[in-house]
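Protein chains in written order, with our numbering: chain S, 84 to 412; chain B, 466 to 981. Cβ coordinates follow ideal geometry from the N, Cα and C atoms, glycine included. Below you'll find the structure, written out as C-alpha cells, and then a few comments.
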C-alpha cells in the first residue's frame, strides 16, 4: 500500500518537474538565440562563399532567410514556430531542421547510450575491485587509469586509437559508421556497424569510465567502514554479499548522480568524437553548423540537448528514490 | 644439357619483356571512393559555389564547355562555338544529349538555367552575367550569348563549376532553392545520382546514355571525412581512393609519398595566390616606403618551405607567376624585393617610422597561415616592427578584414583560371565592406583602367602589354604583399588510373579506371 502511494507521489512529482521545465526550456531558447545572434560572424558570408558577391545579391540572400529582420523580430518568430513544433529551416542545408536532426539522432544516440552503458559497467566493476583491496596493485592500477582518463582529451585519444588499431594493426576501420566499399545486409550489416562503433565508443567512454571508477571506489570505501557493514560481516554474510548488496547499494547515490552528469558531457564529447571518426551524427552536425553560422540548426540542437539534460536529471532523481528508500518526493 | 635452361630463360625473358611492352588499356568497372572534407549542403551545383557541391556536381552535370588539362576551353554540351568580330556575340551549337531522366538537353534548358537559376543564385556566374546583354535560343540546338562589352574570361565561366545546366522541366515554376531535385539531382553528366546519406556519402553510378564516352567506373562514391588527419588515414587503410589538395594536410604528404600503394602528385593547376593585405587606413602603412620595407623584411622563401611544406613558389609578381601573360620579368618581385632586413630598416627610417605595432588577422582554420604568421612575426621583429597575431574564426575574419579593422591579413585567392576572374579584385578600387575584394583601401584610377581594359582583351599579347604596365605600377605601390603561388597536390590509390585529366582535379572522373 505504501508502495502504491509512493509510485503515485513519484508520478505527480515527475509531472510537476516537467511542467516546471517549460519556462526553463523557453529561457534556454531565448538565451541561446541571443548569444548566437550577438556573436560576431555573418551567416550570409558563410552561405555565399568566397567571392565578391554584388551587394544586391547579398541583400537578396539575407532577405530570403529572414536575416534582414531585427533580433527581437526573429526571436519572436522563432519562438512562435518552436511552440508549433517547427524548429525552422536550415539555411545552409536548405532543409527543415527537424528532418536534418531526426536523420542523425539515432546514430548519435547509439554512440551515446553504448558509451553510458560501457562507462558505467566498466567504471563500477573497476571501482569495486579497487575498493575491495585499497592500496593494492589493483587499486593503484585503477587509480592510475582514472587519472589517465581524466587527463586525456577525447579527440586525441580517438586519433591514437585510429593510429594503433586501424593503421598499424589493421584490425578495425578508421572511421565512418559502416563500410562504404562493400554493402552488407542482415547480421553482416550489424557486425559491420559494431566494428565501426568500437573505436569511437572507446574514445568517448574512456573519460567517463575513469570518473565512474574513481567515484565508485571513493564512495564504496567510505561505506565499507560503516557500522552496518561491520554488522553484516558479524552476521556471517559472505564478503561478496556484503560488498555487492549492502555496500554498493548504499554507495550507489553518488554514482547515479555522476552517470546523469556524465550524460550531458557525453553530448559535448560526441561532437569531437564524431568529427574525428567521421560519424554522421548530431554532434558533427552541430560542429558544421557553428562554422556555417547555421543558426536554426544550432538552436535546434541546443534545444534538444537542453531537453535531454532536463530529462536525464529527472530520471536521475527518480532513480534516487528507487535506489534509496529514504528519498521521498 | 644446358640448352633447355637457356631456352627457358630466353622464353621467360621474352614473356616478361612482352608483358612490360604492353600498354595498359583502361578497363571499365569497379568503385572509386573520393574524399570530401565536408558534407555538401545540397546537390544543386547551380545555386551554390561551395567546393564539395562543385565536386559532386562536376560528375552529375554537364556544361557548355570544360577546361582541358592546360586550361584551354573545349566543347562539352557545345559541339562548337563562334565569336563575332567585335567579341560581343557568342554562338554555341549544342550536341545531342539527354538528362538522366531521359529527356533531351535543349537550348531552352541552357537559357532557363542561366537566366532563372544561375544569375540570381550563383555568385561566380554573376561575374559573367554582369557583362551579358542577352541569352537567347533561336532553335533547339543553338544558344546565343550577347555581351554588353568584350569580356575575355566569358568562356572560362561557362564550365560545370560556374554554369552547370539543369533540366528546365524539373525546375520551371518552382523555387530553385527548395526544389526536391536539389536532394536527388537530375543532370546530364557522366554519372547519375543513386543515393545520398547526409554526413556520410553521396553515391553515383555510370550514366549509360552519356552523350560523350561513357564513364569507366561503375560507381563513384564521395565520402565525407571531416577531420584532415583522418583523410590521409582513410587512404592508407584503403577506405578511400582519392584526396584532393584542397582537403590534404600538407604535413602528411611525405608519409603518403613513401607508401607504395599511394600515388602523390604535386603541381600547378589552377593558379592560387597567397598574399597579405595591407590596410592603408593605418597612417604608417599608407606610406609606400613602409609597404616596400615589409616586402624586404618578410622571408617568403622561409614561409614557402616551413609554413607551406614546400608546396609553393615565391610569387614573382602581383598576379603570381601562374599566367605567363600576366607576368613581366622586368618587374619580378623576387628580384626587386629579395629578403633584405637591412634595406627594410633603411626604408622604415626614411619614412620616419619608429616603433610600429601591427595587428595581423587571419582565419584560424588555416594551418599554413598560422605558421606563416609566426615566421612574419619573427621577420618583422628584426626590423623593429611588433606583430600582434590575431587568429579569428573565418566569418569573424571576413568582418574584420573587409570592414578594415586590421593592419595586415593573410589571404589566399584562387584565380579560377583567369586573372580577370580571380585576381583583379585584389587591386581594383573597392568599397569598404564588400567581401573578398581589395581590402587595403588602395585606389589607383590608372590601375583600375588598365585592369578593366585587360579583362576585355581576347588577344593575349595585347593583354600581356596591359599587365606589364599594371605590374610596373604595383611593384612600386605594393598595396598587397604577394607571398607565394600555391602548388596543388593530390594523393590517390596507386591502382586508380586516369586522374588529373582536366584543369580542375574535381572534373573528368569519367576517365578514372581501376587497374587490376
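Since residue 186 of chain S is in the alpha helix (DSSP H), which residue starts that stretch and which ends it?
180-215
Is residue 624 of chain B closer than 9 Å to residue 541 of chain B when the C-beta atoms are compared?
yes
For residue 375 of chain S, which of helix, strand or coil comes out of DSSP?
helix
Who are the near neighbours of residue 486 of chain B in its chain, counting only those whose CB is closer than 6 Å to its CB and skipping five residues on each side?
Its pLDDT being 47, under 50, residue 486 of chain B is placed unreliably by the model, and nothing is read from it.
Straight-line Cα distance separating residue 633 of chain B from residue 574 of chain B:
When rounded, the distance between both Cα atoms is 5 Å.
If residue 656 of chain B sits next to residue 627 of chain B, beta carbons under 8 Å apart, how far is it from one beta carbon to the other, in whole angstroms?
At roughly 20 Å, the Cβ-Cβ gap does not stay under 8 Å, so residue 656 of chain B and residue 627 of chain B are not in contact.
Provide the residue span of the alpha helix (DSSP H) that contains residue 621 of chain B, from first to last.
That residue, residue 621 of chain B, is in no alpha helix (DSSP H); it is neither H nor E in DSSP.
From residue 710 of chain B to residue 160 of chain S, what distance separates their C-alpha atoms?
43 Å
Strictly by DSSP, which residues pair up with residue 731 of chain B?
B/954
Using beta carbons (cut-off 9 Å, strictly below), is residue 125 of chain S in contact with chain B?
Taking Cβ atoms only, chain B reaches closer than 9 Å to residue 125 of chain S, which makes this a yes.
Segments of 4+ residues assigned as alpha helix (DSSP H) that fall wholly inside the region 224-259 of chain S
237-244
Mapping the DSSP letters down to three states, classify residue 667 of chain B as helix, strand or coil.
Taken through DSSP and simplified to helix, strand or coil, residue 667 of chain B comes out as strand.
By the criterion of Cβ-Cβ separation under 9 Å, what are the contact partners of residue 176 of chain S in chain B?
504, 506, 507 and 663
Between the region 547-564 of chain B and the region 642-659 of chain B, do at least 3 Cβ pairs fall closer than 8 Å?
With contact defined as three or more Cβ pairs closer than 8 Å, the region 547-564 of chain B and the region 642-659 of chain B are in contact.
Residue span of the alpha helix (DSSP H) that contains residue 588 of chain B, given as start and end
Taken as a continuous stretch (DSSP letters only), the alpha helix (DSSP H) holding residue 588 of chain B covers 588-594.
In angstroms, rounded to a whole number, what distance separates the CA positions of residue 410 of chain S and residue 307 of chain S?
21 Å
Which residues in the same chain have their Cβ closer than 6 Å to the Cβ of residue 728 of chain B, if we skip the five residues on either side of it in sequence?
957 and 959
Residue 580 of chain B to residue 599 of chain B, Cα distance in whole Å?
9 Å
Would you list the one or two residues that DSSP bridges to residue 556 of chain B?
B/547 and B/609
According to DSSP, is residue 785 of chain B part of a helix, a strand, or is it coil?
strand
List, in order along the chain, the chain S residues whose C-beta lies closer than 8 Å to that of residue 994 of chain B?
Only positions 466 to 981 of chain B appear in the structure, and residue 994 of chain B is not among them; the question remains open.
From S/152, S/312, S/163 and S/388, residue whose alpha carbon lies closest to that of residue 352 of chain S:
S/388
Buried or exposed: residue 978 of chain B, going by 16 or more other Cβ atoms within 10 Å of its Cβ?
buried
Compare the C-alpha of residue 753 of chain B against each of B/587, B/809 and B/887 and name the closest.
B/809
Buried versus exposed call for residue 931 of chain B [16 or more other C-beta atoms within 10 Å across all chains shown]:
buried
Grab the span of the beta strand (DSSP E) containing residue 814 of chain B for me, first residue to last.
From DSSP, residue 814 of chain B is part of no beta strand (DSSP E) but of the alpha helix (DSSP H) over 806-815.
Of the listed residues B/837, B/555 and B/629, nearest to residue 612 of chain B (C-alpha basis)
B/555
Is the region 915-932 of chain B touching the region 945-954 of chain B, taking contact as three or more C-beta pairs under 8 Å?
Touching, no, given that fewer than three Cβ pairs across the two stretches are closer than 8 Å.
From the DSSP output, in three-state form, read off residue 128 of chain S for me.
helix
Measuring only between beta-carbons, confirm whether residue 485 of chain B sits less than 9 Å from chain S.
Low confidence applies to residue 485 of chain B: its pLDDT is 49, below 50, so where it sits in the model is not reliable, and the reading given next is rough at best. Not an interface residue.
Counting only Cβ pairs nearer than 9 Å, list the residues of chain B close to residue 376 of chain S.
Residues of chain B passing the Cβ test: 860.
Using the beta-carbon of each residue, which ones in chain S are nearer than 7 Å to residue 647 of chain B?
177
Residue closest to residue 661 of chain B, alpha-carbon to alpha-carbon, out of S/285, S/263 and S/192:
With respect to the C-alpha of residue 661 of chain B, the residue from S/285, S/263 and S/192 having the closest C-alpha is S/263.
Can you confirm whether residue 498 of chain B, when its beta carbon is compared against all beta carbons of chain S, has any partner nearer than 9 Å?
yes
Can you list the residues of chain B that residue 242 of chain S reaches, using a CB-CB cut of under 7 Å?
694
For residue 818 of chain B, the nearest candidate out of B/876, B/771, B/757 and B/938 (CA to CA)
Closest option to residue 818 of chain B, Cα to Cα, is B/757.
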